[in-house]
Amino acid sequence: MIPDLTLAATCAFGLETVVARELKDLGAVDVQQDNGSVRFRGDLDLICRGNLWLRSADRLWIHLGRFRATTFEDLFQGVKALPWGDLLSKDSAFPVDGASHESQLSSVPACQAVSKKAIVEAMKGRWKTDWFAETGATFRVRVSIVRDEVTVAVDTSGRGLHRRGYRKLTAEAPLRETLAAGLVLLSVWNAERLLVDPFCGSGTIPIEAALIGLKRAPGLRRAFASEDWPFLGKARWKRAREEAEDAFDRSARLDIHGYDADPEVLSLARYHLRESGLDDRGIDFQQRRVQDFSTKRRYGVIVTNPPYGERMSQLGEVEGLYRELGRVMAPHDTWSTFVLTSHPRFDRLFGQSVTRKRKLYNGMIQCTYYQFLGQKPPRLG
Numbered sequence: 001m002i003p004d005l006t007l008a009a010t011c012a013f014g015l016e017t018v019v020a021r022e023l024k025d026l027g028a029v030d031v032q033q034d035n036g037s038v039r040f041r042g043d044l045d046l047i048c049r050g051n052l053w054l055r056s057a058d059r060l061w062i063h064l065g066r067f068r069a070t071t072f073e074d075l076f077q078g079v080k081a082l083p084w085g086d087l088l089s090k091d092s093a094f095p096v097d098g099a100s101h102e103s104q105l106s107s108v109p110a111c112q113a114v115s116k117k118a119i120v121e122a123m124k125g126r127w128k129t130d131w132f133a134e135t136g137a138t139f140r141v142r143v144s145i146v147r148d149e150v151t152v153a154v155d156t157s158g159r160g161l162h163r164r165g166y167r168k169l170t171a172e173a174p175l176r177e178t179l180a181a182g183l184v185l186l187s188v189w190n191a192e193r194l195l196v197d198p199f200c201g202s203g204t205i206p207i208e209a210a211l212i213g214l215k216r217a218p219g220l221r222r223a224f225a226s227e228d229w230p231f232l233g234k235a236r237w238k239r240a241r242e243e244a245e246d247a248f249d250r251s252a253r254l255d256i257h258g259y260d261a262d263p264e265v266l267s268l269a270r271y272h273l274r275e276s277g278l279d280d281r282g283i284d285f286q287q288r289r290v291q292d293f294s295t296k297r298r299y300g301v302i303v304t305n306p307p308y309g310e311r312m313s314q315l316g317e318v319e320g321l322y323r324e325l326g327r328v329m330a331p332h333d334t335w336s337t338f339v340l341t342s343h344p345r346f347d348r349l350f351g352q353s354v355t356r357k358r359k360l361y362n363g364m365i366q367c368t369y370y371q372f373l374g375q376k377p378p379r380l381g
């Protein structure tokens with residue numbers, strides 16, 4: 001077995017702290033944050049639990065090694081020296097992806113070919129054969145070179161972790177599920193509180209909040225590449241899934257509402273809610289314009305990702321929506337409001353003093369997560 005199991009979870013820029021907190025809750029140790037990734041130590045069980053439970057990470061990797069390479073010989077020897085025999089079986093498929101940035105080895109196809117050859121040579125020594133059919137389980141290898149530093153990792157997830165299985169249809173400019181979960185985890189919301197998304201679109205934020213509130217593992221209804229890996233074993237994955245099933249609170253009801261002015265996008269939200277299997281748990285979608293928002297509830301949480309107005313022709317309309325949101329929320333100073341937008345002056349348009357700001361990326365768009373904290377509700381009992 002790999003003697004020093006180091007793992008890495010990649011994520012959107014700005015969510016590293018959230019991912020690190022999730023990993024520590026799962027039992028990870030030596031957790032270290034970097035731009036767009038979090039490295040940590042863990043056992044084999046953590047590969048299964050991490051894939052099932054990580055809400056804000058994009059993918060989970062086995063971090064095999066890091067070394068410096070300025071020539072193809074350096075790359076070949078560095079890749080060959082890694083413990084491939086402990087990881088791959090004789091029939092394993094091991095496609096190699098690559099990336100290079102500001103490095104002397106700039107040809108990605110050449111780096112992929114050299115790395116593939118190096119793995120084959122290492123496997124020849126382990127299995128005493130010159131031919132590998134690659135008909136077994138897939139171990140997708142990624143060789144990334146940044147400023148001549150090579151990082152070699154193996155993807156344990158397969159499809160990205162944002163693919164929960166419920167969002168089979170998408171609306172224009174969809175919010176990725178992992179980022180939506182990160183927004184909820186960065187807010188003050190919990191399962192006992194009211195949550196409203198006044199620009200809910202296809203329903204991603206309310207549904208991700210529901211998964212969190214009901215303690216349902218986001219990966220419970222999908223498969224992962226590493227489920228077929230012989231050294232992990234079916235029993236380990238079976239045990240992890242059973243633990244996740246046991247944690248799912250099937251009796252709780254939540255108080256989550258999504259509003260949008262577009263009836264077509266709301267039909268997508270309701271479809272996604274049905275696909276998630278949570279349509280009887282207190283999550284509701286209604287057609288409502290932001291200026292029509294009203295509530296008699298003293299305490300609540302807004303978590304939303306409104307339109308950005310990336311095109312100049314839309315900017316005035318979007319800024320009007322931001323002013324309307326500020327106007328309808330002004331009487332509710334006990335509510336907490338969390339808004340992700342790329343607009344650099346959202347807080348001025350909203351008309352309230354921002355409590356905290358955090359830089360996040362929605363895809364390639366640099367955004368700010370504006371946080372306006374209201375009063376804490378009194379403790380019950």
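First residue of the sequence shown: 1, per my numbering; consecutive thereafter.
Ideal Cβ positions, reconstructed from N, Cα and C, are used throughout, including at glycine.
The C-alpha of Phe350 is placed about 10 Å away from the C-alpha of Val328.
Going by C-alpha positions, Cys367 is about 22 Å away from Tyr259.
Sequence-distant Cβ neighbours of Ala110 in its own chain, meaning closer than 8 Å and more than five residues away, are Phe72. Between Ala244 and Glu208, the CB-CB gap reaches or exceeds 8 Å. For Ser115 against Ile145, the beta-carbon gap comes to about 10 Å, at or over 8 Å, which does not count as contact. A straight line joining the alpha-carbon of Trp229 with that of Arg236 spans about 11 Å.
When rounded, the separation of the alpha-carbon atoms in Glu264 and Val196 is 19 Å. Exposed is the label assigned to Trp131, since fewer than 16 other Cβ atoms lie within 10 Å of its Cβ. Within the stretch 215-296, the alpha helix (DSSP H) runs of at least 4 residues that lie entirely inside it are, in chain order, 234-247 and 263-276. When the Cα atoms are used, Phe285 and Val150 turn out to be separated by approximately 47 Å. Membership of Gly98 in any alpha helix (DSSP H) is not indicated; the residue belongs instead to the beta strand (DSSP E) covering Val96 to His101. Separation of the CB atoms of Arg59 and Leu161 is rounded to 6 Å, and the pair is thereby assigned contact status at 8 Å. The DSSP assignment places 29-34, 37-41 and 59-68 as complete runs of the beta strand (DSSP E) inside the stretch 14-91, in order along the chain (cut-off: 3 residues). Between Gly165 and Arg216, the C-beta gap is not smaller than 8 Å, which leaves the two residues out of contact. When the beta-carbon positions are compared, Gly203 and Leu273 come within less than 8 Å of each other. Under DSSP, the beta-bridge partners assigned to Thr337 are Ile302 and Phe372.
Remark: C-beta atoms of Thr10 and Ser37 approach each other more closely than 8 Å. Just so you know, the alpha carbons of Ala137 and Glu317 end up roughly 51 Å apart. In the structure shown, Leu194 adopts coil according to DSSP, grouped into three states. Two segments are said to touch when three or more pairs of C-beta atoms, one from each, lie closer than 8 Å; by this definition the stretch 83-92 does not touch the stretch 40-59. Under a 10 Å Cβ-count criterion, Asp34 is classified as exposed, with fewer than 16 other Cβ atoms of the shown protein chains found around its own Cβ. Arg147 sits in coil when the DSSP states are folded into three classes, being neither helix nor strand. Here Gln32 is exposed: its Cβ has fewer than 16 other Cβ atoms, across all protein chains shown, within 10 Å.
Between the alpha carbons of Val339 and Gly65 lies a distance of about 39 Å. Exposure of Phe13 is indicated by the presence of fewer than 16 other C-beta atoms within 10 angstroms of its C-beta. Taking all protein chains in view, the Cβ of Asn190 is surrounded by fewer than 16 other Cβ atoms within 10 Å, so the residue is classified as exposed. A direct Cα-Cα distance of roughly 22 Å separates Lys128 from Arg140. Burial check for Val96: the Cβ neighbour count within 10 Å reaches 16 or more, so the residue is buried.
A distance below 6 Å between beta-carbons, with the five flanking residues on each side excluded, links Leu194 to the following residues of its chain, in chain order: Asp255, Arg297 and Gly300. Each of Phe372, Lys359 and Gln371 was checked against the Cα of Thr17, and the nearest Cα belongs to Lys359. For Thr178, the enclosing alpha helix (DSSP H) has its first and last residue at Glu177 to Leu185.
Distance check between Asp148 and each of Val184, Gln112 and Ser106 places Ser106 closest, using alpha-carbon atoms only. Annotation for Leu349: the continuous alpha helix (DSSP H) segment containing it runs Phe346 to Phe350. Val188 sits in coil when the DSSP states are folded into three classes, being neither helix nor strand. Taking 8 Å as the cut-off, the beta carbon of Gly78 is found no closer than this to the beta carbon of Phe94.
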